Structure formats: C-alpha cells, structure tokens
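First comes the structure, then the notes that go with it.
2 protein chains.
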Amino acid sequence: MERVFIVTEYDGTDYVGYQYQDNGPSVQGELQNALTQVYKEEIKVTGCSRTDAGVHARGHVSHFDAPFHIDADRIPYAVNAFLPENIAVKSAYYVSEEKSARFDTKGKRYCYRLYTGRTRSPLLSRYAYYVAGNLDLAKMQSAAEYFAGEHDFASFCASGGSQITTIRRIHEVLVARSEQNPNIIEITVSGEAFLYNMVRIIAGTLLDVGQGRILPEAIPTIINSCDRRRAGRTLPPSGLTLEEVFY
Amino acid sequence: MERVFIVTEYDGTDYVGYQYQDNGPSVQGELQNALTQVYKEEIKVTGCSRTDAGVHARGHVSHFDAPFHIDADRIPYAVNAFLPENIAVKSAYYVSEEKSARFDTKGKRYCYRLYTGRTRSPLLSRYAYYVAGNLDLAKMQSAAEYFAGEHDFASFCASGGSQITTIRRIHEVLVARSEQNPNIIEITVSGEAFLYNMVRIIAGTLLDVGQGRILPEAIPTIINSCDRRRAGRTLPPSGLTLEEVFY
Numbered sequence: 000m001e002r003v004f005i006v007t008e009y010d011g012t013d014y015v016g017y018q019y020q021d022n023g024p025s026v027q028g029e030l031q032n033a034l035t036q037v038y039k040e041e042i043k044v045t046g047c048s049r050t051d052a053g054v055h056a057r058g059h060v061s062h063f064d065a066p067f068h069i070d071a072d073r074i075p076y077a078v079n080a081f082l083p084e085n086i087a088v089k090s091a092y093y094v095s096e097e098k099s100a101r102f103d104t105k106g107k108r109y110c111y112r113l114y115t116g117r118t119r120s121p122l123l124s125r126y127a128y129y130v131a132g133n134l135d136l137a138k139m140q141s142a143a144e145y146f147a148g149e150h151d152f153a154s155f156c157a158s159g160g161s162q163i164t165t166i167r168r169i170h171e172v173l174v175a176r177s178e179q180n181p182n183i184i185e186i187t188v189s190g191e192a193f194l195y196n197m198v199r200i201i202a203g204t205l206l207d208v209g210q211g212r213i214l215p216e217a218i219p220t221i222i223n224s225c226d227r228r229r230a231g232r233t234l235p236p237s238g239l240t241l242e243e244v245f246y
Numbered sequence: 000m001e002r003v004f005i006v007t008e009y010d011g012t013d014y015v016g017y018q019y020q021d022n023g024p025s026v027q028g029e030l031q032n033a034l035t036q037v038y039k040e041e042i043k044v045t046g047c048s049r050t051d052a053g054v055h056a057r058g059h060v061s062h063f064d065a066p067f068h069i070d071a072d073r074i075p076y077a078v079n080a081f082l083p084e085n086i087a088v089k090s091a092y093y094v095s096e097e098k099s100a101r102f103d104t105k106g107k108r109y110c111y112r113l114y115t116g117r118t119r120s121p122l123l124s125r126y127a128y129y130v131a132g133n134l135d136l137a138k139m140q141s142a143a144e145y146f147a148g149e150h151d152f153a154s155f156c157a158s159g160g161s162q163i164t165t166i167r168r169i170h171e172v173l174v175a176r177s178e179q180n181p182n183i184i185e186i187t188v189s190g191e192a193f194l195y196n197m198v199r200i201i202a203g204t205l206l207d208v209g210q211g212r213i214l215p216e217a218i219p220t221i222i223n224s225c226d227r228r229r230a231g232r233t234l235p236p237s238g239l240t241l242e243e244v245f246y
C-alpha cells in the first residue's frame, strides 16, 4: 500500500457536495468509483474537507491508499478516464503513509466571485453571483482588512455546525477586480480552517459593505458581537470555489 | 407596433439550439415565452440565425414587434425576469419596422475555444474543447490566413444544409492565446454568412494543423477540392460561441 494525494478540480453544480451522501451524486463517490475501476478493488477516499452542494473546486485535495504502484504522473490520466466531465484529477503525488489530506491541512484558500455587469450573464452565472449595480470596492477592501487574525467567528457561522469552538485564524481577506474580467470582483479568503458557511457569510457581509448597508468600521463590532444576525446573509454556493489547500 | 432588436447571451448546453423545435427547449421558445409574459400577448421572435444544440452566444440578435412602448433601457430587465438563468437579454433598441434581425445581417463573429492544459478542466469544459498536448500556434496562424476572402467552402460544410450556393465570404480567421488564460486558444472567425457547421469544421481543420496532421500550405488545396473529406473533423458544439452580429 502506498498513500497518494490527489488534487481535484470540479464543477459542483450537479453534486450534493464533496462528501458521499445517500441523496444524490457526490464528488467523493465519483472519485471512489473511478479509483475502484483503476485499481480493480474498492478504494476509499478521504477529502481535505467537505464542500457544500454547488460549491466548486480548482484544488481540492484527497488521499487514498493505492494497492499497487502507478507512476504519479500517470495517475490523473488513469483516473480521469473513469470520471464524469465535471470532475478531473489535476495531479497526484505519493506521500508517507501517516500523511492525511484531512488532518494535515495547514490552510485553505477560497474565492467568492461577484459579477457586477449591467445585466446578468448566463455564461458567467455558474461560477459568479450576479449583483446588479456598482459596488464600492474601496470600502469592501477596507472592511476586508478587519478579518485577518484569530477571532471568534460565531457571527460568521451557520447554525448546525458541530464544532467545539468558533475561534478560527484567518490569514487574509482580499477584495480585487478579476484580471480576466473587470466586472468580476473576487473575494479571496485564506485561513487555517473555516466554520460552516463562513466564507459565504463573509462574502455576504462584504457585499453589504459594497452596497452601503454596512460600514467598513462596523466589522470589528460584528465580529465581537458573536451574533449571526449582525453579519450579512449567506451568499449562494455557486459563487464559491475552493482554490487551494496548503499542507 | 414598434420593432425591437434584442441582443441575447445564452449558455446553449441545455438547449436543442436557438430555433424552436418540438423535441426540447429552445432559446427562441424561451424568448417568446418571456416576451409574451411581458407584453401580455403572443410575441413572435425572429433570430439572426439558428445556432446548433450546445452552441453558446454572447451577442445573438433577434427582433420582435412590441405591441406597446417600453423604454429600450428597461426591456432587458423586464424580459430577464421571465427568462431562465442560462438566457439573458443584454440590451435592446428600437429600429425602423422594415429592419430584420435575420435578413439585414452584414456579418457575424464566432469564437471557437480550445483548452490545452495538461489535464482536462471541469471548470472550463462547458465553453472550451479539451485538447491534450501542445499545439503549434504559429502553424495554425499561418493556416488561418488562407481562409479570408470569397471561396467555395463546400469542403467546410456538413451535408444536410439546404443552401443554394456554398460560396461564402470570410473576413478573417484569427488564432491567438486567450488574454484571460494562456492555456486557451481562441479561433475567431468573422464573415458575411456561414454554411452548416462551417466554423466547427474550420476549427477542426486548424486543430489538425496545430497537431501536425495537416500542413498550413495544404489549406488552399483543401478549399479548392470542394470535398468535405479533405478538411478536418467537426468539433463539438460546446467550444463554439457566437460573439457578435453586425448590421
């Protein structure tokens, strides 16, 4: 047995989420199915984290134990042949057997995309949330700075999470126009670990700032209140992409 | 009655094409349905051209006759409220009543996108056709130059078309890396009018050039042969987008 990390890109629109569930197709289920066909025996896959239904990933990481050796470079091609078009393994590498994609993460980077054109864009709507009208980018940027550091993020956590503590360390929240499309605003959130729906609530709060409903200077008060009702709404999953996982 | 031109963007993946058909949802059908709800009476829509099942558009143009006046700026918002997420009217303007979106086109610009990353990309696969390995961009560019001008394009026409002549005027075929993503190669084809599947066959032929199966200098011979079997294959519809229509 050799342990393998695989980096996976997927369009989450048609999935119940990363994690295997009874009520519909999951990314984990598809990965396990493809790997089982490659290795001709049942393979279990452990993901770095769940992503919710409809959330995308460009760099999700999972691990599994390979019953025989395939060159790391060739693993993506072997597995992709058995995956649906909306999931692909981008790269694979062998790690020591005690390494876990789930427990050894040092951090993750997410991006929430807002599209701000005059009318909504069907060719962008799968991956960016449409907001009518302009946003005050400078205000969003100054609000974003308050998130960095270790805080109790209870105000930015959906109920239903089972975590012991709501304290988390955020490395950085950045707000910038996409280099690829100036009508897309990218909210990039990097941190050690995240609460349930945390990035989507941070994005919703920054959207409120951009639209003038929340002042940038109010962010510390919202954080300190530990009251979910003080923060903005949870934005839809389609705008969110897990970009990178750090080990 | 006032005649209105509407510019429409759509994701064609889930449609049988632009034109109304009995066997599934069409863009024209959705537009007619939305306009009928806005104007409270049955509205017929005439498109600049059909696009095939799975082909996208960023700037498709249609016309209809409005039974009462709505400010042109407000038409997109009124109609979009009744359209599914994968179709949107981007802009609208009034024209004189003899103007036709179908018969008065001066030309169209299409873009066929190839994605050439190391592995396929689920987040790009809806709008770009995946090609494994590198392409010889310089050769594709020199091959592209032979298409400009008035030619008999019978070699680049799928059977089943009902046109009287296969002579068409192409303004320009350009091959370039996307500014947004250097792994995407954009084949931009502008011309007066097109034969059935013509852009997808030109793209398939240029792909053969990029992969070394056809020499750039062979393009004039392929055109002159008027033999469909000499050109490359028809690439899938998903990579194709109707970008702009000229009047």
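Going down the list, the protein sequences come from chains A and B. FYI, in numbering that gives the first Met the number 0 the residues of the first sequence are 0 to 246. FYI, in numbering that gives the first Met the number 0 the residues of the second sequence are 0 to 246. We put the beta carbon where it would ideally sit given N, CA and C, even for glycine. Bear in mind that the values here come from a model prediction, so they are computed numbers and not experimental data.
Beta-ladder partner(s) of residue i, from DSSP
i       : result
T256(A) : Outside the shown range of chain A (0 to 246) lies residue 256(A), about which nothing can therefore be said.
I186(B) : Y111(B), V174(B)
L239(A) : Y111(A)
E149(A) : R168(A)
S90(A)  : V6(A)
D51(B)  : G16(B)
A56(A)  : Y9(A), L241(A)
E253(B) : Chain B is shown from 0 up to 246; residue 253(B) falls before or after that span and cannot be answered.
G116(A) : Looking at the DSSP assignment, G116(A) forms no beta bridge with any residue, so it has no partner.
Y128(A) : L113(A)
G106(A) : F245(A)
Proximity below 9 Å, CB of residue i to CB of residue j
i       : j       : result
V54(A)  : P236(A) : yes
Y114(A) : A52(A)  : no
T104(B) : V60(B)  : yes
S141(A) : I221(A) : no
R2(A)   : S48(A)  : no
S120(B) : H62(B)  : no
L82(A)  : E29(A)  : yes
D151(A) : N85(A)  : no
V130(A) : G209(A) : yes
Nearest to residue i (by Cα), restricted to the options the options
i       : options                            : result
V244(B) : C110(B), N223(B), Q36(B)           : C110(B)
I186(A) : R232(A), A157(A), F193(A), L239(A) : L239(A)
Y145(B) : S177(B), I169(B), R112(B)          : I169(B)
C250(A) : K43(A), K39(A), R232(A), H62(A)    : Nothing in the structure corresponds to residue 250(A), since chain A is present only between 0 and 246.
Q179(A) : R112(A), K39(A), H68(A), A192(A)   : R112(A)
R212(A) : T35(A), P75(A), M0(A), D135(A)     : D135(A)
N196(A) : A230(A), G23(A), E216(A)           : A230(A)
V78(A)  : V6(A), Y126(A), V208(A)            : V6(A)
Y128(B) : I184(B), Y19(B), H68(B)            : I184(B)
V37(B)  : P66(B), Y19(B), D21(B)             : P66(B)
L122(B) : V88(A), K138(A), V130(A)           : V88(A)
Y76(A)  : E97(B), I218(B), T118(B), T35(B)   : T118(B)
M139(A) : R176(A), L194(A), A131(A)          : R176(A)
E191(A) : G209(A), V208(A), P215(A), I166(A) : I166(A)
S90(B)  : Q20(B), A71(B), E97(B)             : A71(B)
G203(A) : N223(A), R228(A), S224(A)          : R228(A)
G148(B) : N133(B), F193(B), Q162(B), I163(B) : F193(B)
V44(B)  : C225(B), Q31(B), A137(B), A56(B)   : Q31(B)
N133(A) : S189(A), I201(A), P181(A)          : P181(A)
I69(A)  : I218(A), M0(A), A137(A)            : M0(A)
G116(B) : I218(A), T164(A), L206(A), E8(A)   : E8(A)
Under 7 Å by beta carbon: chain A residues contacting residue i
i      : result
G86(B) : Note that residue 86(B) is Ile in the sequence shown here, rather than Gly. Result: P121.
K89(B) : T118
H55(B) : L122
Q20(B) : Result: empty, since nearest Cβ-Cβ is about 20 Å, beyond 7 Å.
Q36(B) : What Q36(B) touches in chain A: nothing, since even the nearest Cβ is about 17 Å away.
7 Å Cβ cut-off: residues of chain B touching residue i
i     : result
E8(A) : S120, P121, L122
Interface partners of residue i on chain B, CB under 9 Å
i       : result
N133(A) : None at all; the shortest Cβ gap to chain B is about 16 Å.
Y92(A)  : Residues of chain B passing the Cβ test: none, with the nearest at roughly 14 Å.
N79(A)  : T118, R119
Y126(A) : L122
Q140(A) : Ordered by position in chain B, no residue passes the 9 Å Cβ test against Q140(A), which lies about 23 Å from the chain.
Under 9 Å from the C-beta of residue i: neighbouring residues of chain A
i       : result
P75(B)  : R117, T118
Q31(B)  : Chain A residues near Q31(B): none, gap ~17 Å exceeds 9 Å.
Q210(B) : Here the premise fails: no neighbours, minimum Cβ distance about 18 Å.
Whole-angstrom C-beta distance between residue j and residue i, which should lie under 8 Å
i       : j       : result
A143(A) : V94(A)  : About 34 Å separates the two Cβ atoms, so there is no contact after all.
T241(A) : R199(A) : Rather than Thr, the amino acid found at residue 241(A) in this sequence is Leu. Not a contact, Cβ separation roughly 12 Å.
T12(A)  : R108(A) : About 21 Å; that fails the 8 Å criterion.
Y17(B)  : G58(B)  : Incorrect: roughly 13 Å between the Cβ atoms, too far for contact.
S189(B) : G106(B) : 6 Å
8 Å Cβ cut-off: residues of chain A touching residue i
i      : result
Q27(B) : Residues of chain A passing the Cβ test: none, with the nearest at roughly 15 Å.
Positions along the region 147-163 of chain A whose CB lies within less than 9 Å of some CB in chain D: Protein chains A and B are contained in the structure displayed, whereas chain D is not.
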